[in-house]
Amino acid sequence: MFAVRKQKEDMSKLILVFLGPPGVGKGTQAAKLAEDLKLPHISTGAIFRDHLKRETELGKQARSYMDSGNLVPDELTVSLVMDRLGQPDCERGYILDGFPRNLKQGEALEKALGQRGESITAALNFDAPRQVLIDRIAGRAEKEGRKDDTPETVKNRLEVYDAETGPLTPWYREKGILHDFDAQGGIDEIYAGVKAAVEALKSQG
Ligand code: AMP
Numbered sequence: 003m004f005a006v007r008k009q010k011e012d013m014s015k016l017i018l019v020f021l022g023p024p025g026v027g028k029g030t031q032a033a034k035l036a037e038d039l040k041l042p043h044i045s046t047g048a049i050f051r052d053h054l055k056r057e058t059e060l061g062k063q064a065r066s067y068m069d070s071g072n073l074v075p076d077e078l079t080v081s082l083v084m085d086r087l088g089q090p091d092c093e094r095g096y097i098l099d100g101f102p103r104n105l106k107q108g109e110a111l112e113k114a115l116g117q118r119g120e121s122i123t124a125a126l127n128f129d130a131p132r133q134v135l136i137d138r139i140a141g142r143a144e145k146e147g148r149k150d151d152t153p154e155t156v157k158n159r160l161e162v163y164d165a166e167t168g169p170l171t172p173w174y175r176e177k178g179i180l181h182d183f184d185a186q187g188g189i190d191e192i193y194a195g196v197k198a199a200v201e202a203l204k205s206q207g
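Okay, so the sequence shown: first residue is 3 according to our numbering, each after it adds one.
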């Protein structure tokens with residue numbers, strides 16, 4: 003009796019992964035959806051930036067990688083995320099933004115979820131032409147002044163994305179859980195597509 007109920011609960015847990023290159027606007031979409039669904043928005047980039055600001059030990063270890071636009075080592079990143087996913091506010095589900103960032107992280111996530119009898123509900127993949135990304139980051143750089151939004155670092159971040167994160171797209175597509183979104187439009191227009199896809203997923207669950 004209990005086992006049946008537990009399984010049903012797990013099925014209704016919404017675990018979403020947001021994928022896409024820097025500047026595509028996935029963080030904005032993830033934040034909107036998180037607010038709508040009242041689910042935690044877990045952005046590894048935001049968590050790392052907070053550590054940088056507070057000058058924690060993790061922040062000190064992550065700084066040079068972030069400033070140059072490289073990935074923070076998996077050992078640091080995976081344990082940080084696993085810890086976060088075990089917190090009580092994640093019980094109904096969560097939105098992962100910026101994690102996983104390579105196949106190793108993807109496999110670590112899959113393994114950890116499998117051990118809990120859970121799985122990713124869907125991976126939402128956002129894409130837009132390179133020039134659109136570069137223009138958006140330039141706009142964001144003026145507004146937010148992120149240290150890793152300089153032209154040289156952006157170039158590296160895009161290369162790192164292609165080499166490391168890109169392979170996650172066909173990986174999730176093969177698993178049948180990838181949903182593609184054209185991120186060229188306005189925020190609300192893109193969000194309408196996201197919301198419709200997630201509502202469809204929820205009604206299937
Ligand atoms: P973001 O805000 O997602 O663009 O992330 C900013 C920076 O944080 C990245 O360029 C990486 O240095 C670091 N970072 C964020 N998420 C990860 C991750 N999953 N793995 C490794 N490094 C990450």
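From the three backbone atoms N, C-alpha and C, an ideal C-beta is built for every residue, glycine too. Keep in mind the model is a prediction, meaning the values are calculated, not measured.
Near residue i, what residues of its chain come up, given a Cβ to Cβ distance below 6 Å and the 5 sequence neighbours on each side ignored?
{"i": "Gly188", "result": "none"}
{"i": "Val200", "result": "none"}
Whose CA, out of the options, lies closest to the CA of residue i?
{"i": "Asn72", "options": "Ala194, Lys149, Ala202", "result": "Lys149"}
{"i": "Asn158", "options": "Gly100, Tyr67, Gly27", "result": "Tyr67"}
{"i": "Arg142", "options": "Leu16, Gly88, Leu18, Gly29", "result": "Gly29"}
{"i": "Val83", "options": "Leu54, His43, Gly119", "result": "His43"}
Helix, strand or coil: which one does DSSP assign to residue i?
{"i": "Ala124", "result": "strand"}
{"i": "Val134", "result": "helix"}
Quick one: residues in its chain with C-beta nearer than 7 Å to the C-beta of residue i, no 5 flanking neighbours on either side, listed in chain order?
{"i": "Asp69", "result": "Lys149, Asp150"}
{"i": "Tyr193", "result": "Gln31, Lys34"}
{"i": "Leu78", "result": "Leu60, Gln63, Ala64"}
{"i": "Glu166", "result": "Leu73, Arg103, Asn104"}
What residues in its chain sit with their C-beta under 8 Å from that of residue i, if we drop five residues either side in the sequence?
{"i": "Asp129", "result": "Gly22, Pro23, Val26, Asp182, Phe183, Asp184, Ala185"}
{"i": "Ala135", "result": "A small fix is needed here, since residue 135 is Leu in this sequence, not Ala. Excluding residues within five positions, the ones whose Cβ falls inside 8 Å are Pro23, Pro24, Gly25, Val26, Leu160."}
{"i": "Val6", "result": "With a pLDDT of 43 at Val6, under the threshold of 50, the modelled position of that residue is not reliable, and the figure given next carries that caveat. Counting only Cβ-Cβ distances below 8 Å, and skipping sequence neighbours, we find nothing."}
Taking the beta strand (DSSP E) that residue i belongs to, which residues open and close that run?
{"i": "Val19", "result": "16-21"}
Going along the chain, which unbroken runs of the beta strand (DSSP E) with 3 or more residues stay wholly within the region 40-117?
43-45, 95-99
Which runs of the beta strand (DSSP E) at least 3 residues long sit entirely within the region 153-206? Give them in chain order.
180-184
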